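This report refers to the structure that appears directly beneath it.
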Amino acid sequence: MTAESTSPLILPLQYVKGVGPRRAEALAKEGIVSYADAIYNVPRAYVDRTAAENIAQLRERYRAPDLWSGDVSHAVKVTAQVTLVGTVTRLEQRTVGKGRNMLVAVLGDDSSATLQLIFWSGLTYYGKVLKAGSTYVVHGVPQYDPKWGTLSMHHPEIEEVHPEEIEQYRAGSILPRYRMTQGLKSAGLTMRHLRAVAEHALERGLGLIDDPVPGDLRRARRLMPQHDALRQLHMPDSLDQIELAKSSMKYEELLVFETHLAARRASRKRPERGLPMQAQSPRARAVIDALPYELTAAQKRVIREIVGDMTSGTPMNRLLQGDVGSGKTIVALLCMLSAIDNGYQTVLLAPTEILVEQHYHSLTKLLSNVDGIKVAQLVGAQRSVARRHAHEMISSGQAQIVVGTHALFEADVNYHKLGLIVIDEQHRFGVAQRKELRRMGQMSHGGQPRTPHILVMSATPIPRTLAMTLYGDLDVSVIDQLPANRKPIVTRLVFESSLAETFRFIRAEVGRGRQAYIVYPLVEKSEKVQAKSAVEHFEWLHNEVFPDLRVGLLHGQMIWDEKEEIMRAFLRREYDVLVSTTVIEVGIDVPNATVMLIENAERFGLSQLHQLRGRVGRGADQSYCFLATKDHFRYQVTRTSAADEMMAAVVRLRTMEQTTDGFKVAEVDLRLRGPGDVMGTRQSGIPEFRFADLVGDAEIIAQARADAHAILTADPHLRSAQHQALRTEVLKMFDEGGLITVA
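In terms of the numbering used here, the sequence shown opens at residue 8 and continues consecutively.
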């Protein structure tokens, strides 16, 4: 995008008719400051009135006999979402069942039929938002109840229609719906204002926007011309044109980002020399032959990928993804042995001291039949004598494997020909820390400019499309199988009124010699947050529920050595039940623990729920995870289909019940929260995409990625005239001019 300082593209919006300083300030808080911002603030949805049904027509369609089996005790649900425009004629609160309240708003239109809008939660909010006599756009999944002959929507999206726009909504056209916040409403902005601002910005500034996609590439990919696409998104002619415009803008957005990633990757590879290695590893073969089980096909595949990198002569930068219990540690060890057999030292970095200790014991056990391998530990809490001994073993090369925490990259550590760095739970470490360990590895080779191989491991699965984007400068390997002896964790939703039965189940498991976790969202009781706390309920569980069992308490406000000792005691089976907060999310393996009960489960994110569930199922015994939530969720969970998306919490809980596949869990999490919140990607270089869906747009991502690499292969510095707009956009978006230098 290029423009002179006087370009309308950078003019503030306060001078647009109907905006002014106060409304401009509200728009600025939403990131809409200039004409360019208004052009790229594309609608989040559309109201299609070109072939709209009224409520009467909708009712006739949904009452068709082939939609239901004749059992009139159940409402018919159809997953297709519809949009209606109508006026609320009546509002009333009703009490049903065991004192449960619901809000019912009766919606009418020009036809003689009505539709009930039903709300089971947020009654105070909806009671204020909905007003009898006002007109609304409602969007949701209709339900027809043949027993009562009623048509309803549960928790639909609603948006009030300004009186001046009612006729426009009733006319046969496609109307854009922009994101509307409370701040914009408070400033007096309506949907009509947002449409007017967009149209004015298009008229004044659209012609000044440069297209970063080269013309021949846009034609080859059959993309809509950029200016046409932006205009169709704000002022559409048809739904088909909207979809084509979206696809075109997705590709444009992803091409810019993939070009940035490809340039970053190329800049890292150009000046570095890797460590020459041979593929054969007698020690790795000895460990494989001694295993009491056979490696899975997925483990064998990723080992080949990793060893292939290590023998290529180029420094490896690879992400190893695998669900909890998929066998990443044995894969890492075998690759470390390959480096050791080539004469190099290796490092395994872990986020906590207790995890370091677990790795140390696991590796030592696996290496019991292998001669000549010494493993050293390096953690912050070591006594000075042990620390000095570890330093001597590391600097002399006696220790071929070094396992440690952040202490591994302290200034007084000197490595000896460091060849492979393995980082466990990589998201727990900052970019600067990883770079420092890499630099120390380079220094360990004396005057030779050699860069060690880096393998980062993550037990937080993310879909391959996001991995390609988030870790665009890394190659990605995925262990997508669990070992044969691992049983899927049985996950069940339970309600507060039936917790006594769950406690009886825990007692039965303990009676069989097993252990259990009970996790709470808070450390201590809070007046501001309506949720259970670990400290308060520990006393209750210890004194009243399980007075005859050994119950321990663990939470994040304890000092680190106290936390470590409690976890070790649980591992030694000194506690039957461990009451905890999410501090156990990343912890040691306790194969004997078979039950996980998560209280107030609706308050946790999907990724966190999955990680907590992964604390059990570490052994060969069947394990169980119970998600406890409030009783008023019962109706929503049992009566609402996933398509309704009445509440994100309901979707999360249902997802946990339906699958133990971490990648499927991550996909749902991405759709609910977006990649920035899921992975903390705003600190990791991922932009907040306006158009692209990192879960659903796998084909477009792959195409943009291939095209970006082809462009940079042919024109590494983007010097040609057809790539100038792309170069400008990449540098503007990511401000890394050093990646695409002028030769």
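Glycine included, each C-beta is placed from N, C-alpha and C at the ideal position.
Predicted, not measured: the structure shown is a model, and the values here were computed from it.
So, with DSSP's three-state summary, where would you put His81?
To locate residue 81, count along the sequence shown from 1; it is residue 74. Residue placement at His81 cannot be trusted, given a pLDDT of 48 that sits under 50; the coordinates are not used to answer.
With which residues is Tyr631 paired in a DSSP beta bridge?
Along the sequence shown, read from residue 1 onward, the residue named residue 631 stands at position 624. DSSP, once it has assigned bridges, lists Val497 and Val602 as partnering Tyr631.
Nearest-angstrom Cα distance between Gln239 and Tyr53?
Against the sequence shown, residue 239 aligns to sequence position 232. Against the sequence shown, residue 53 aligns to sequence position 46. Near 12 angstroms, if we compare the C-alpha coordinates of Tyr53 and Gln239.
Identify whether Pro28 lies in helix, strand or coil by the three-state DSSP scheme.
For the purposes of this step, residue 28 is taken as residue 21 along the sequence shown, with counting starting at 1. Residue state, collapsed to three classes: helix.
Which stretch, first to last residue, makes up the beta strand (DSSP E) that contains Gly147?
Taking the sequence shown and counting its residues from 1, one reaches residue 147 at position 140. Gly147 -> beta strand (DSSP E) spans Thr142 to Gly147.
With a Cβ-Cβ cutoff of 8 angstroms, do Gly212 and Tyr42 count as a contact?
The residue you call residue 212 lines up with position 205 of the sequence shown. The residue you call residue 42 lines up with position 35 of the sequence shown. Cβ distance < 8 angstroms, so Gly212 and Tyr42 count as in contact.
Would you report the Cα separation of Asn324 and Thr412, rounded to the nearest angstrom?
Numbered from its first residue, the sequence shown carries residue 324 at position 317. Numbered from its first residue, the sequence shown carries residue 412 at position 405. Going by the C-alpha atoms only, they are around 20 angstroms apart.
Which of the three DSSP states is assigned to Gly612 in this structure?
Reading the sequence shown from its first residue, position 605 is the one you call residue 612. Reduced to three states, the DSSP call for Gly612 is coil.
Here's a check: name, in chain order, each residue in its chain whose Cβ is nearer than 6 angstroms to the Cβ of Ala469, leaving out the five neighbours to either side.
Residue numbering aside, residue 469 sits at position 462 when the sequence shown is read from its first letter. Rather than Ala, the amino acid found at residue 469 in this sequence is Ile. Around Ile469: Ala673.
In terms of residue numbering, what span does the beta strand (DSSP E) encompassing Gly559 cover?
Residue numbering aside, residue 559 sits at position 552 when the sequence shown is read from its first letter. Start and end: Val558 to Leu561.
Can Phe633 and Arg521 be called in contact, C-beta distance under 8 angstroms?
Residue numbering aside, residue 633 sits at position 626 when the sequence shown is read from its first letter. Residue numbering aside, residue 521 sits at position 514 when the sequence shown is read from its first letter. Not a contact, by the Cβ cut-off of 8 angstroms.
Whole-angstrom distance between Arg107 and Gln21, CA atom to CA atom
Taking the first residue of the sequence shown as position 1, residue 21 is located at position 14. Taking the first residue of the sequence shown as position 1, residue 107 is located at position 100. For Gln21 and Arg107, the distance between alpha carbons rounds to 48 angstroms.
Relative to the alpha-carbon of Ser587, which residue among Pro598, Arg580 and Met574 has its alpha-carbon at the smallest distance?
Here the question's residue 587 lines up with position 580 in the sequence shown. When each option's Cα is compared against that of Ser587, the closest is Met574.
Alpha carbon of Val314 to alpha carbon of Ser345, nearest angstrom:
Counted from its first residue, the sequence shown places residue 314 at position 307. Counted from its first residue, the sequence shown places residue 345 at position 338. Rounded to the nearest angstrom, the two C-alpha atoms are 8 angstroms apart.
Less than 8 angstroms between the C-beta atoms of Arg184 and Glu166, yes or no?
Along the sequence shown, read from residue 1 onward, the residue named residue 184 stands at position 177. Along the sequence shown, read from residue 1 onward, the residue named residue 166 stands at position 159. Yes, the pair counts as a contact, with Cβ atoms nearer than the cut-off.
On the three-state DSSP scale, how would you describe Tyr151?
For the purposes of this step, residue 151 is taken as residue 144 along the sequence shown, with counting starting at 1. Of the three classes helix, strand and coil, the one that applies to Tyr151 here is strand, per DSSP.
Quick check on Thr625: does DSSP put it in helix, strand or coil?
Here residue 625 refers to the residue found at position 618 when the sequence shown is read from its first residue. Looking at the sequence itself, residue 625 is Arg, so the reference to Thr does not match. Three-state result, Arg625: coil.
Out of Ala655, Val410, Leu356 and Ala205, point me to the one whose CA is closest to Thr371's CA.
Here residue 371 is taken as the residue at index 364 of the sequence shown, counted from 1. Minimum Cα distance to Thr371 is reached at Val410.
Name, in chain order, the residues that DSSP records as bridge partners for Ser540.
Stepping through the sequence shown from its first residue, residue 540 is reached at position 533. Partner(s): Leu529.
Looking at Leu130: is its Cβ nearer than 8 angstroms to the Cβ of Ala112?
Looking up residue 130 in the sequence shown gives position 123. Looking up residue 112 in the sequence shown gives position 105. No, the pair does not count as a contact, with Cβ atoms beyond the cut-off.
Less than 6 angstroms between C-beta atoms, sequence neighbours within five positions excluded: which residues of the same chain meet that for His716?
Locating residue 716 in the sequence shown gives position 709, where the first residue counts as 1. These residues qualify, in order along the chain: Ala269.
Boundaries (first-last residue) of the beta strand (DSSP E) holding Glu99
Mapped onto the sequence shown, residue 99 falls at position 92. Here the beta strand (DSSP E) through Glu99 covers Val89 to Val103.
So within the region 265-317, which uninterrupted alpha helix (DSSP H) runs reach at least 4 residues, ignoring any that extend past its ends?
289-297 and 304-317
Is it right to say Thr57 is buried, meaning 16 or more other beta carbons lie within 10 angstroms of its own, or is it exposed?
Taking the sequence shown and counting its residues from 1, one reaches residue 57 at position 50. Thr57 comes out exposed.
Could you say which of Arg68, Leu110 and Leu282 lies nearest to Ala120 if we only look at CA atoms?
Here residue 120 refers to the residue found at position 113 of the sequence shown. When each option's Cα is compared against that of Ala120, the closest is Arg68.
Give me whichever residues DSSP pairs with His161 in a beta bridge.
Working through the sequence shown from its first residue, we reach residue 161 at position 154. Bridge partners of His161: Ile125.
Suppose the cutoff is 7 angstroms on Cβ atoms and the five residues either side in sequence are ignored; what does the same chain contact list for Gly27 look like?
What you label residue 27 is simply residue 20 of the sequence shown in a count that begins at 1. The residues are Gln21.
Would you call the region 336-351 and the region 421-430 touching, i.e. three or more CB-CB distances under 8 angstroms?
yes
Could you check if Ala554 is buried or exposed, using at least 16 other CB atoms within 10 Å of its CB as the buried criterion?
Position 547 of the sequence shown, counted from the start, is the residue given in the question as residue 554. Note that residue 554 corresponds to Pro in the displayed sequence, not to Ala. Per the 10 Å Cβ criterion, exposed.
Residue from Ile496, Gln729 and Val552 with nearest C-alpha to Arg514
Here the question's residue 514 lines up with position 507 in the sequence shown. Closest option to Arg514, Cα to Cα, is Val552.
If you drop the 5 nearest sequence neighbours on each side, which residues of the same chain put their C-beta closer than 7 angstroms to that of Ile718?
Residue mapping note: residue 718 aligns to position 711 of the sequence shown, counting from 1. These residues qualify, in order along the chain: Thr266 and His730.
From which residue to which residue does the alpha helix (DSSP H) around Gln233 run?
Taking the sequence shown and counting its residues from 1, one reaches residue 233 at position 226. Gln233 to His241 is the extent of the alpha helix (DSSP H) around Gln233.
Assess, as a yes-or-no matter, whether the region 356-363 is touched by the region 590-610 under the definition of 3 or more beta carbon pairs within less than 8 angstroms.
yes
Which value, in whole angstroms, describes the spacing of the CA atoms of Ile708 and Ile605?
Taking the sequence shown and counting its residues from 1, the one referred to as residue 708 is at position 701. Taking the sequence shown and counting its residues from 1, the one referred to as residue 605 is at position 598. Going from the Cα of Ile708 to the Cα of Ile605 covers about 37 angstroms.
For Ala33, which residues from the same chain have a beta carbon less than 8 angstroms from its beta carbon, with the 5 sequence-adjacent residues on both sides left out?
Locating residue 33 in the sequence shown gives position 26, where the first residue counts as 1. Once the five neighbours on either side are set aside, the close Cβ partners of Ala33 are Gly190, Leu191, Ser193, Ala194 and Leu196.
From Trp547 to Arg519, what distance separates their C-alpha atoms?
The residue you call residue 547 lines up with position 540 of the sequence shown. The residue you call residue 519 lines up with position 512 of the sequence shown. About 23 angstroms.
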